[in-house]
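J.:
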Ligand code: ADP
Ligand code: 5GP
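Numbering (my numbering), first residue to last: 39 to 265.
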């Protein structure tokens, strides 16, 4: 009997409000992969369900799981802890199933180190103004927390060059299709993916375009290999 082929690990990350959650729920709806449920110390928002949106735990419990080495990765995001439970992710991958992690940039960098074959996709907002509009329109954050998220987004975007792909989330349907295309390309190309290029300058160009985009979010979505 041949060995079970391992599944792929797709990491979807990018600044808060860029549309990661919206894109990931569409991918799950389309049956593309299992979305890992993270553990967090932050309070549930209205309509969030225990075990579906997150596992909501105390700081004490989170610290215990760190000590038990139960996280695949974890990070402090805006003063709260978020982590990916290790076991369910590894079980799915070993069983040949694909898994999506929707996590912050620090978590993505940890995944890069412990699983170099993971596919890292950065979801880029079309412009700083549109990012602000989206965070505000979601209506889940106080003005102080919105400011914190926008400030943090600059450092996150600066890490773009560490990713394998960048999808600019301007038109949502197109962005979802871009991610689906990336997933399909990676599944059919199991050795050295031809679509990933060594092109640090690619990331710089994308960031420049983002900074210059101004208040009018428009133009085409871009899917570019960044690495
Ligand atoms: P994240 O998970 O990255 O924090 P969300 O998925 O919660 O971001 O999206 C933030 C807000 O932006 C939501 O109100 C969502 O409906 C909206 N949004 C997401 N993608 C788009 C898009 N392409 N165009 C316009 N609004 C979008
Ligand atoms: P929110 O509080 O808006 O749900 O999430 C805040 C940030 O935490 C988002 O950028 C989200 O992607 C990130 N996040 C959610 N779960 C995890 C996780 O398990 N690990 C890491 N590193 N970040 C996470």
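Beta carbons: idealized from backbone N, C-alpha and C, even for Gly.
Pull up the CB-CB distance for residue 117 and residue 109, whole angstroms please, since I reckon it's below 8 Å.
T.: Taking the first residue of the chain shown as position 1, residue 117 is located at position 79. Taking the first residue of the chain shown as position 1, residue 109 is located at position 71. Actually they are not in contact, since the Cβ atoms of residue 117 and residue 109 sit about 18 Å apart, beyond 8 Å.
J.: Along the alpha helix (DSSP H) that carries residue 185, what are the first and last residues, could you check?
T.: Reading the chain shown from its first residue, position 147 is the one you call residue 185. From DSSP, the alpha helix (DSSP H) with residue 185 extends over 181–195.
J.: Taking 7 Å as the cut-off, decide whether the C-beta atoms of residue 245 and residue 195 are in contact.
T.: As a first step, residue 245 must be located in the chain shown, where it is residue number 207. As a first step, residue 195 must be located in the chain shown, where it is residue number 157. A contact, by the Cβ cut-off of 7 Å.
J.: For residue 237, does the three-state DSSP call read helix, strand or coil?
T.: Residue numbering aside, residue 237 sits at position 199 when the chain shown is read from its first letter. The predicted position of residue 237 is uncertain, since its pLDDT is 38 and thus under 50; a value taken from the coordinates is nonetheless stated next. Three-state result, residue 237: coil.
J.: Do residue 57 and the ligand ADP come close, with the Cβ less than 6 Å from some heavy atom?
T.: Reading the chain shown from its first residue, position 19 is the one you call residue 57. Flag set: Cβ of residue 57 near the ligand ADP.
J.: How would you write the range of the beta strand (DSSP E) that residue 122 sits in, first residue to last?
T.: If you number the chain shown from 1, residue 122 lands on position 84. Run containing residue 122: 118–123, per the beta strand (DSSP E) assignment.
J.: With hydrogens ignored, establish whether the beta-carbon of residue 149 is closer than 6 Å to any heavy atom of the ligand 5GP.
T.: As a working note, residue 149 is residue 111 in the chain shown. False, no ligand heavy atom lies under 6 Å from that Cβ.
J.: Which partner residues of residue 94 appear in the DSSP bridge assignment?
T.: The sequence position of residue 94 within the chain shown is 56, counting from 1. Answer is 78, bridged to residue 94.
J.: Out of curiosity, what's the CA-to-CA distance linking residue 57 and residue 102?
T.: Taking the chain shown and counting its residues from 1, the one referred to as residue 57 is at position 19. Taking the chain shown and counting its residues from 1, the one referred to as residue 102 is at position 64. The straight-line gap from Cα to Cα measures roughly 31 Å.
J.: What does the Cβ neighbour count give for residue 54, buried or exposed, with the cut at 16 atoms within 10 Å?
T.: The sequence position of residue 54 within the chain shown is 16, counting from 1. Looking at its Cβ environment, which holds 16 or more other Cβ atoms inside 10 Å, residue 54 is buried.
J.: Look at the alpha carbon of residue 235 and the alpha carbon of residue 96, and state the distance between them as a whole number of angstroms.
T.: In the chain shown, residue 235 corresponds to position 197, counting from 1. In the chain shown, residue 96 corresponds to position 58, counting from 1. Residue confidence is low: residue 235 scores 43 on pLDDT, short of 50, so the model does not pin down where it sits. Its coordinate-derived value is still stated next. Going by the C-alpha atoms only, they are around 42 Å apart.
J.: On a Cα-Cα basis, can you pick out the residue from 119, 167, 163 that is closest to residue 104?
T.: Looking up residue 104 in the chain shown gives position 66. Residue 119 is the option with its Cα nearest to residue 104.
J.: With 16 other CB atoms within 10 Å as the buried threshold, where does residue 154 fall?
T.: Sequence index remark: in the chain shown, residue 154 carries index 116 (1-based). Burial call: exposed.
J.: Going by the DSSP bridge assignment, what does residue 152 pair with across the sheet?
T.: Position 114 of the chain shown, counted from the start, is the residue given in the question as residue 152. According to DSSP, residue 152 bridges with nothing at all.
J.: Can you tell me whether DSSP reads residue 204 as helix, strand or coil?
T.: In the chain shown, residue 204 corresponds to position 166, counting from 1. Residue 204 falls in the strand class under three-state DSSP.
J.: Could you say if the segment 82–98 and the segment 188–205 meet the contact criterion of at least three C-beta pairs nearer than 8 Å?
T.: No: the two stretches stay apart, fewer than three of their Cβ pairs being nearer than 8 Å.
J.: Please confirm whether any heavy atom of the ligand ADP lies closer than 6 Å to the CB of residue 207.
T.: Within the chain shown, residue 207 is the residue found at index 169, counting from 1. Yes; taking the cut-off as 6 Å, the Cβ of residue 207 has a heavy atom of the ligand ADP nearer than that.
J.: With a Cβ-Cβ cutoff of 7 Å, do residue 139 and residue 214 count as a contact?
T.: Counting from one through the chain shown, the residue named residue 139 turns up at place 101. Counting from one through the chain shown, the residue named residue 214 turns up at place 176. No, Cβ-Cβ distance for residue 139 and residue 214 is not below 7 Å.
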